[in-house]
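For the sequence shown, the UniProt record's numbering begins at 1 and goes up steadily by one. The C-beta atom is built at its ideal place from N, Cα and C for all residues, glycine as well. All remarks here apply to the structure that follows.
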Amino acid sequence: MTAATVSALSGRDAYRDELTRLAGTDPMVVCLEADLGGKGHPFQAAHPDRFFNLGIAEGAMIDMATGLASAGYKPFVSTFAPFAALRAAESLKLTLGYLAAGVTVVAPYAGVSGAWFGTTHHCLEDLAVLRSIPGVTIAAPYGEAETRAVVRAAVASGRPHYIRTGRNAVFDSLPTGDGEVGPVTWDHRGEPDATCLVSVGEEGTRLALEARAARPELAHAHLTYLDHAHLELAAAELAQRPGRFTVIEEHRREGGVAEALALLLPGREVTGVNAGHGWPTQGGDHHEVMGQLGLDLPAVLAAATAP
1 MTAATVSALS GRDAYRDELT RLAGTDPMVV CLEADLGGKG HPFQAAHPDR FFNLGIAEGA
61 MIDMATGLAS AGYKPFVSTF APFAALRAAE SLKLTLGYLA AGVTVVAPYA GVSGAWFGTT
121 HHCLEDLAVL RSIPGVTIAA PYGEAETRAV VRAAVASGRP HYIRTGRNAV FDSLPTGDGE
181 VGPVTWDHRG EPDATCLVSV GEEGTRLALE ARAARPELAH AHLTYLDHAH LELAAAELAQ
241 RPGRFTVIEE HRREGGVAEA LALLLPGREV TGVNAGHGWP TQGGDHHEVM GQLGLDLPAV
301 LAAATAP
């Protein structure tokens, strides 16, 4: 299920394409980029008067988006996750939280998808930062169809959003039935008392699918929306099944989804497979860097099948 078709798009490219399409019928949609657009950004080509390249000025970009939102526009801003969630954290707190401005932040290069770019371009802390800001809808979609659905929902809602994607990896979205993304998407409900894998984001879901292929008896629930309000709904649904839960996420243990679900599922066993506390000290591709942090298929299988 992780193999890409020729025509499929990565999460960040699906975002650009869907936003460009939506802007064709909604003149209030605007796109701001922090020098990531390149020469072939589809939004810039289709709507040049509503595309702004702010350069390496992430905080200023989010502040500018706040002004646009106050004037009735629907601004979408995009930059590397470490620069959106960490460098511009104060602007995020004030814009998305205190002012509840209808700004959507789209953050590619989340986790260690930057790989060879090194620690300065890795971001394993963004969920902890954004989940601590009240009122922000947080999403980590998996696959093109799910990413498009999340972008459509953000445009329609006018609420503050943070959307997390990887770099260039392409995935087939899990079926959602009516095309809308709910609190839980079930890939496989498994045996009644089997461990339930709970996948978060692109790489967490890839690993969960690989683990279930190796151990078909495991259940697998995929979460797209990760803010507190959505996780409360997800926890209520997950609580209906017995057994324990293993959460897989490309994030630090602290402030991640496993910690949140452990609080929302009192009395239930919730374990996590995550990036832990290490810092990658060697180069490598995305999966090699994840492996340095102990986030790989053997770790998932060990946690899910532990006695």
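Using CA atoms only, rank isn't needed, just tell me which of the options is closest to residue i.
{"i": "V257", "options": "W116, G204, V103 and L54", "result": "G204"}
{"i": "L36", "options": "R21, A89 and I56", "result": "I56"}
{"i": "W186", "options": "A221, E180, I163 and A156", "result": "A221"}
{"i": "V200", "options": "P82, E232, I248 and I138", "result": "I248"}
{"i": "L68", "options": "R50, R16 and E269", "result": "R50"}
{"i": "R164", "options": "L293, D17 and T147", "result": "T147"}
{"i": "Y162", "options": "I138, D17 and A145", "result": "I138"}
{"i": "L238", "options": "A140, P192, G158 and A275", "result": "P192"}
{"i": "H188", "options": "E250, P216, A169 and R167", "result": "P216"}
{"i": "D285", "options": "S113, D17 and I62", "result": "S113"}
{"i": "S132", "options": "L99, K93 and Y142", "result": "K93"}
{"i": "D63", "options": "L99, E288 and W279", "result": "L99"}
{"i": "A235", "options": "H122, A140 and V184", "result": "V184"}
{"i": "C31", "options": "G291, L174, L297 and F52", "result": "F52"}
{"i": "P141", "options": "A275, R16, S173 and G291", "result": "S173"}
Anyone know if the C-beta pair for residue i and residue j falls short of 7 Å?
{"i": "L218", "j": "A302", "result": "no"}
{"i": "T195", "j": "G243", "result": "yes"}
{"i": "L96", "j": "V129", "result": "no"}
{"i": "E125", "j": "S78", "result": "no"}
{"i": "V273", "j": "A262", "result": "no"}
{"i": "E144", "j": "A14", "result": "yes"}
{"i": "T20", "j": "P48", "result": "no"}
{"i": "G255", "j": "E202", "result": "no"}
{"i": "H251", "j": "L127", "result": "yes"}
{"i": "A88", "j": "G59", "result": "yes"}
Run the CB neighbour count on residue i, radius 10 Å, all protein chains shown included, and call it buried at 16 or more, exposed below.
{"i": "P307", "result": "exposed"}
{"i": "A229", "result": "exposed"}
{"i": "H277", "result": "exposed"}
{"i": "residue 316", "result": "Outside the displayed span of the chain (1 to 307) sits residue 316, for which this structure offers no information."}
{"i": "S10", "result": "buried"}
{"i": "T66", "result": "buried"}
{"i": "D26", "result": "exposed"}
{"i": "D227", "result": "buried"}
{"i": "S91", "result": "buried"}
{"i": "T120", "result": "exposed"}
{"i": "A156", "result": "exposed"}
{"i": "G190", "result": "buried"}
{"i": "S70", "result": "exposed"}
{"i": "E180", "result": "exposed"}
{"i": "Q240", "result": "exposed"}
{"i": "A45", "result": "exposed"}
{"i": "P266", "result": "exposed"}
{"i": "P160", "result": "buried"}
With residue i and residue j assumed to form a contact (beta carbons below 8 Å), what rounded beta-carbon distance in angstroms separates them?
{"i": "A154", "j": "T224", "result": "With 8 Å as the limit, A154 and T224 do not qualify as a contact, their Cβ atoms being about 12 Å apart."}
{"i": "L264", "j": "E232", "result": "6 Å"}
Does the segment 212-227 come close enough to the segment 69-78 to have 3 or more Cβ pairs within less than 8 Å?
-> no
Does the segment 77-92 touch the segment 108-126, meaning 3 or more C-beta pairs lie closer than 8 Å?
-> yes
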